[in-house]
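In what follows, a structure is listed as structure tokens, so that the remarks can point back to it.
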Amino acid sequence: MDTKKTILVIEDEKDLAEVLKVKLEDAGFATHVAFDGESGLEVAVAEHPDLILLDIVLPGMNGVEMLKQLRKDEWGKNALVMILTNSDDVETMSQVIEDGAYEYFVKTEWKIEDIISKIKDKLNADQNRAVWKVERKF
Amino acid sequence: MEESKKSVAAIIVSVLAFIFFGSLLAIAWNVAQGLFAEGGLEIVALKNTNLEESLLFYLFLVGIVADVFFSLFLFLLLTTYRQAGFLASRMTRDLLASREMFLQLYNNSPVPYLLISKDSKINLPNKAALRLFGLSAQELEDQNLLDFFLADDLDHVQTLLSRVKNGVPFHEEELQIVRSDGTVRWVIFSMFSFKSVPGKKYKSGLATFVDITERKEIEKVKTEFVSLAAHQLRTPLSAIKWYTELLASKDVGGLTPEQEKYLEKVYAGNERMIDLVNTFLNVSRLELGTLAVDIKPTDVVELMESVFEELEVQIQEKYFKLHKEYDENIALVNTDPKLLRMVFQNLLSNAVKYTPKGGELRVEIKKRGSEFHIIVEDSGLGIPKNQQDKIFTKLFRADNARALETKGTGLGLYIVKMIVEKFGGSISFTSEPNKGTTFKAVLPL
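Residue numbers (my numbering), protein chains in the order written: chain A, 641 to 778; chain B, 3 to 447.
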């Protein structure tokens, strides 16, 4: 059974969240959308998405803080997190990279299509590695 | 009043001297006459004309002339003496006044002044200097000037001071000093050394500090505002970018060719705005010093080539003759590729933009000792002679560049200069209007 990969979009700008959701679903992903850090964390821990697209500037708990909390969770400590934001100051970048975000994208610099192909590359690579690991076992 | 009295006195003394010596002469003459005359002492007219009497008469005449000259000499001597005294007292007074004026100017100037001895000791701080450093005259006197600078700036300050010792003054160095209460102030530091002051054995320099902390704070607030505004602009710019992309992808219905064409224009306009915002952000980061420098081994030739690729379309459109000269022995250079890329992009895109069709472009990267040189030469518009000194100024655009191309922020070369200086290098250029411009950046390896 080929289940759809799930992406959680944590983005407080509703218009941006919407267009991301539309494009991601067109590309064959299932999506969850959260508009702030707290609810994003809740959804993440409950739904275990395959990848989280995380904004930094969020009302209440911001992206940096949300990532820190996520890493405390048993599942969350290895969750795939890609930062998609417009704040690109060095401090934030080094902080989230330290907390294991594997990509850092500035929104204005990326087309959604290119973001999606990056996501696909990452998820496929991880899947292949998983398959390869399984094969090695037997 | 005093002077005229003295003049009258000199005249009176001279006249009295004239009468006195005249009388002596008359008496002497009479005595002499008496010796020759038979009738003893009596006033005699010129009645006898013998030789002795004639001789006496001439002697008498000479006596009168001598008396006149003597009195005149006395008069002149007195007058000169009087004038010399007058001159001396006036000069002494002027000298005291000018010294007093100098001291008042020095002490009350709003600009902090310090005399700095050869071994960097502070002497004679004025009132403004005491206010700036937050110390009393006794506390500041004889302290080492170097103790008031930040540790990071010490090498630079020492270089400056040794330059002054060799007779080379410096102006407008923006530095920070630490006050007695630990607070830090931004100052413009200038200094020159006195060229052999007569009577002064020690050689010292005059240091001035202009407090620009407030200006720096205002600049910072302005820059932070630009940074904040640019960040805020990025959200709507992302929305335009992504929704234009969504429409153009036809996922939400087809477009007519015309609609598609116009949508491309919307997209291109938005991309230009994103570029502008990025430029503003880079400038504010460079100004605030919040741009992290990430030094790593970088292939500078490859970096230059990738910038050429970016500009390929524009270069081909203009049929440029390209000359590339890359030193073969230039291996990996320790630098920040992102920042160096901005330098290459700005220099090269300017050359492309401001050189007419069929022109020539020459790019050279070469190694020279512990430095590497980047030379970008074009056969374009050139920079007008009277505007060459402003070319690295923020927001400045030369008239001929503005006339040719209305786009452009006047930030490119400003960014280039800031980055090159951040790397510890320097940038210079030569330019001939309508013949071309050559930029040369010298960077440490």
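Note that beta-carbon positions come from the ideal geometry of N, C-alpha and C, so glycine has one too.
*In whole angstroms, what separates the C-alpha of Gln316(B) from that of Lys355(B)?*
8 Å
*asked:* Taking 7 Å as the cut-off, is the beta-carbon of Lys760(A) closer than that to any non-hydrogen atom of the ligand ATP?
replied: Looking for the ligand ATP in the displayed structure turns up nothing, as the structure carries no ligands at all.
_Straight-line gap, Lys661(A) to Thr237(B) (C-alpha atoms, nearest Å)_ = 17 Å
*Run through the region 336 to 391 of chain B for me and flag every whole alpha helix (DSSP H) of 4 or more residues, listed as ranges in chain order.*
339 to 355
*DSSP state of Leu61(B) mapped onto helix, strand, coil*: helix
*How about the region 706 to 725 of chain A and the region 678 to 690 of chain A: do they share at least three Cβ pairs that are nearer than 8 Å?*
yes
*Beta-ladder partner(s) of Ile650(A), from DSSP*: Ala674(A) and Leu694(A)
_Cutoff 8 Å; reference Asn331(B); Cβ partners in own chain excluding five residues on either side_ = Lys369
*Look at the Cβ atom of Glu174(B), then the Cβ atom of Ser192(B), and state whether they are nearer than 8 Å.*
yes
_Integer-rounded CB distance, given that Thr357(B) should sit under 8 Å from Asp380(B)_ = 4 Å
*Three-way DSSP call (helix, strand, coil) for His325(B) in this model*: strand
*What residue range is occupied by the uninterrupted alpha helix (DSSP H) comprising Tyr416(B)?*
Gly414 to Lys424
*Have a look at Ser734(A) and Leu208(B) and give me their C-alpha separation to the nearest angstrom.*
46 Å
*Got a sec: which bits of the region 210 to 236 of chain B sit with their beta carbon under 8 Å from any beta carbon on chain A, in order along the chain?*
His233 and Arg236
*Taking Cβ positions only, does Leu450(B) come closer than 8 Å to chain A?*
No information on residue 450(B) is available, as it lies outside the stretch 3 to 447 that chain B covers here.
_Residue from Val730(A), Glu753(A), Asp766(A) and Arg711(A) with nearest C-alpha to Gly740(A)_ = Arg711(A)
*Which residues of chain A have a Cβ atom closer than 7 Å to the Cβ of Ser240(B), listed in chain order?*
Leu656, Asn726, Lys747 and Thr748
*Would you decide whether Ala657(A) is buried or exposed? Buried here means 16 or more other CB atoms lie within 10 Å of its CB.*
buried
_Just to confirm my understanding: we take Leu445(B), look at its own chain, exclude 5 residues before and 5 after, and list those with CB closer than 6 Å. What are they?_
Phe374, Phe425 and Gly427
*Given a cut-off of 8 Å, decide if Ile118(B) and Leu162(B) are closer than it, judged by their beta-carbon atoms.*
no
*asked:* Give me the chain A residues within the contact set of Ile448(B), using Cβ-Cβ distance strictly less than 9 Å, ordered along the chain.
replied: For residue 448(B) there is no data in the structure shown, the boundaries of chain B being 3 and 447.
*Mind checking whether Ala12(B) and Leu80(B) have CB atoms under 8 Å apart?*
yes
*Any Cβ of chain B within less than 8 Å of the Cβ of Leu648(A)?*
no
*Would you identify the three-state DSSP class for Ala130(B), choosing helix, strand or coil?*
helix
_Only counting the same chain, and skipping five residues up and downstream in sequence, which positions put a Cβ closer than 6 Å to that of His325(B)?_
Arg364
*Confirm, please, whether the CB-CB distance from Thr725(A) to Val697(A) is below 8 Å.*
yes
*asked:* Given a cut-off of 8 Å on the beta-carbon distance, is the pair Val303(B) and Ile377(B) in contact?
replied: no
*At least three beta-carbon pairs within less than 8 Å, the region 299 to 313 of chain B to the region 255 to 269 of chain B*: no
*asked:* Out of Gly371(B), Leu27(B) and Asp96(B), which one is the CA nearest neighbour of Leu447(B)?
replied: Gly371(B)
*Interface partners of Lys243(B) on chain A, CB under 7 Å*: Thr748
*Rounded to whole angstroms, what's the CA-CA distance from Lys758(A) to Met722(A)? Just pull it up for me.*
10 Å
*Just the C-alpha distance for Ile29(B) and Thr94(B), rounded to the nearest angstrom, thanks.*
47 Å
_Just verifying my parser: in three-state terms, what is the DSSP assignment at Asp655(A)?_
helix
*asked:* Using beta carbons (cut-off 8 Å, strictly below), is Ala294(B) in contact with chain A?
replied: yes
*Taking Cβ positions only, does Asp380(B) come closer than 8 Å to chain A?*
no
*Are the region 328 to 342 of chain B and the region 398 to 412 of chain B touching, with three or more C-beta to C-beta distances below 8 Å?*
no
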